[in-house]
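Colleague:
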Amino acid sequence: MSWQSMQELASNVRSGETSSIALVHAALSRIAEVDANGGINAVVVLDSDRALARAEQIDQLSSVEKRQLPLAGVPITVKEQINVVGLPTTCGIPSCLGPVTTSAPVVLALEAAGAIIIGKTNVPLNMADYQSYNVVYGRTNNPHDLSLSPGGSSGGSAAAVAAGLVPVCIGTDIGGSIRVPAHCCGVFGHKPTWGVISKSNGEHTPPKPLSTTGPIARCASDLTVVTKLLFSNARERFGGLAHAVVPETTSATATCLKGCRVALWADDPVCPVDEAVTSAIRATVELLKGEGAVVTIAKPEVDSATLLQCYRDCVGDAMNGTNGTRTHASFLETERMQCQIRAAFDDFFGSHDVLLTPTFPVVAFPHDDKDRADQPFYRPSERTLGDDSLPYHLGCFWPAVANLTLLPATAFPVQGETEGGLPVALQLVGRELDDFTCLRITELLEAAGKGTRVAQFQIPRRLK
């Protein structure tokens, strides 16, 4: 059961081939064996008793009732930042260890669809790092190599999926926090259009600037199922795109890659990528062209350094407020620049279906467990990424392509070129609300890539 998709497991529960209680027991056993005793430490809060009780309830439903549940009896996890009533939401802060009294709308929507939340996954302090360490729960390790980071801030989420603990986990993304862990752990992840899926934790609050909630999975179609579910049943209520209609584009229902218009932005002087990433791009472009896609080297008419600075200003405001360090005029100038960049991207997608870019400049890198509260991922510091000595804060450049512009982006894995080589992930960025074009093209890539290393999940060698 460890490597089956969410849809396969739900189908088996609905057909009676297996039971929800068996799936929950299997997930809890694997968490104990592979996660807790195996040194990964991805699932840091367990809700075993309630999960087993809910599984029994689902197993007692009639076959007709089970058919109404798209996620019938499937155990999943959510990021520790996301409220589940009765469980703590600490964000790595020891003083926040008490249980919360509300569940987030995304949790309610998943449970209503039959999913069973068996626990929560690890995060860095305040979700502000490309690692997943905090003093409350300790460090999450990469399933491919325990000495390496699983990424952040949804690092525990991606590690749980890559290790076969659950088929799907729900993460959040303000600076690549779904896509960078997908990159480090070799799984799929979708950052939706901003302002569509609720970011509320159960309170009546407006959507947080730049930040989104989305799924991480081992196959692209599971991303699509969960995204559709959340678009329908966990919509943002206040501000954002609460009542926006998702367009039905031709590309979102394509049956093959032939004719798909893919723009390629493969590298950039502001954030140069290493050879592993370049190799993944070459393999992906070769597959796309072989399937008849139209691949064009092109990028929106924006200055890369300006994009990075604008993102860093925006994410700093979103996560910390201006703290009195920026004038009102400076704030307005950043807002103006963000609008100009968004307009340039919107114009660009008039002639391209998706934009293919790196997700992160380097492969998974060694842990650094020092207290980094004063050095969030977007702020210049003495920190560097991996062996390349790339300034740490530049890592947010490629994720920012979708975060600053509020656009959807789907990350898909490309396995290492050599046996045991670390995976990377590339991303397909789309026009606003065109999430299902990104997802559909990723599904088609996964289907076309069978037998290659492109868009294929690979079980971590140490877990085989």
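According to the numbering used here, the sequence shown is numbered sequentially starting from 1482. Positions of the beta carbon are idealized from the N, C-alpha and C atoms, including for glycine.
Buried or exposed, going by whether 16 or more other CB atoms sit within 10 Å of the CB of Asp1855?
Modeller: Here residue 1855 refers to the residue found at position 374 when the sequence shown is read from its first residue. The C-beta of Asp1855 has fewer than 16 other C-beta atoms within 10 Å across all chains shown, which makes the residue exposed.
Colleague: Assign Lys1547 to one of two classes, buried (16 or more other C-beta atoms within 10 Å of its C-beta) or exposed (fewer than that).
Modeller: In the sequence shown, residue 1547 corresponds to position 66, counting from 1. Buried, since its Cβ has 16 or more Cβ neighbours within 10 Å.
Colleague: Compute the distance between the beta-carbons of Leu1428 and Pro1556, then report whether it is under 8 Å.
Modeller: What the structure shows of the chain is the stretch from 1482 to 1945, and residue 1428 is not part of that stretch, so it cannot be assessed.
Colleague: Tell me Phe1669's beta-bridge partners as DSSP assigns them.
Modeller: Residue 1669 sits at position 188 when you count from the first residue of the sequence shown. Beta-bridge pairing links Phe1669 to Ala1698.
Colleague: Using a Cβ-Cβ cutoff of less than 6 Å, which residues in the same chain neighbour Ile1762 once the five nearest sequence positions on both sides are dropped?
Modeller: Working through the sequence shown from its first residue, we reach residue 1762 at position 281. Result list for Ile1762: Ala1747, in chain order.
Colleague: In its own chain, which residues sit with a C-beta less than 6 Å from the C-beta of Glu1898, not counting the 5 before and 5 after it?
Modeller: For the purposes of this step, residue 1898 is identified with residue 417 of the sequence shown, where counting begins at 1. Only Ser1760 meet the Cβ criterion.
Colleague: Starting from the Cα of Leu1866, find the closest Cα among Arg1860, Pro1857, Pro1842, Pro1880 and give me that residue.
Modeller: As a first step, residue 1866 must be located in the sequence shown, where it is residue number 385. Closest by alpha carbon: Pro1842.
Colleague: Less than 7 Å between the CB of Leu1909 and some heavy atom of the ligand GDP, yes or no?
Modeller: Absence of the ligand GDP from the depicted structure is noted, as is the absence of any ligand whatsoever, leaving it without description.
Colleague: Answer yes or no: do Val1681 and Ala1594 have a C-beta to C-beta separation smaller than 8 Å?
Modeller: Along the sequence shown, one-based indexing puts residue 1681 at 200. Along the sequence shown, one-based indexing puts residue 1594 at 113. A small fix is needed here, since residue 1681 is Ser in this sequence, not Val. No, the pair does not count as a contact, with Cβ atoms beyond the cut-off.
Colleague: For the segment 1847-1893, list the beta strand (DSSP E) runs that are entirely contained and at least 3 residues long, ordered along the chain.
Modeller: none
Colleague: Within 10 angstroms of its Cβ, does Lys1560 collect 16 or more other Cβ (buried), or is it exposed?
Modeller: Counting from one through the sequence shown, the residue named residue 1560 turns up at place 79. With 16 or more Cβ atoms within 10 Å of its Cβ, Lys1560 is classed as buried.
Colleague: Please report the residue range of the alpha helix (DSSP H) in which Ala1593 lies.
Modeller: By one-based count along the sequence shown, residue 1593 stands at place 112. That run of the alpha helix (DSSP H) goes 1586-1593.
Colleague: Counting only the same chain and skipping the five closest in sequence on each side, list residues whose C-beta sits under 6 Å from that of Val1515.
Modeller: Residue mapping note: residue 1515 aligns to position 34 of the sequence shown, counting from 1. So the list reads Ala1644, once near-sequence residues are dropped.
Colleague: Pull up the distance between the alpha-carbon of Cys1737 and that of Asn1714, whole angstroms please.
Modeller: One-based indexing of the sequence shown puts residue 1737 at position 256. One-based indexing of the sequence shown puts residue 1714 at position 233. One Cα belongs to Cys1737, the other to Asn1714, and the distance between them is close to 29 Å.
Colleague: What do you get for Leu1769, buried or exposed, if any count of 16 or more other CB atoms within 10 angstroms of its CB means buried?
Modeller: Start at 1 with the first residue of the sequence shown, and residue 1769 comes out as number 288. Leu1769 is buried by the Cβ-count criterion.
Colleague: Give me whichever residues DSSP pairs with Cys1650 in a beta bridge.
Modeller: Along the sequence shown, one-based indexing puts residue 1650 at 169. Partner(s): Thr1558, Ile1697.
Colleague: With DSSP collapsed to three states, give me the class of Thr1777.
Modeller: Residue 1777 sits at position 296 when you count from the first residue of the sequence shown. Three-state DSSP puts Thr1777 in a strand.
Colleague: Looking only at its own chain, which residues have a Cβ that is under 8 Å from the Cβ of Lys1468, when we skip the five neighbours before and after it?
Modeller: Not covered by the structure: residue 1468. The range shown for the chain is 1482 to 1945.
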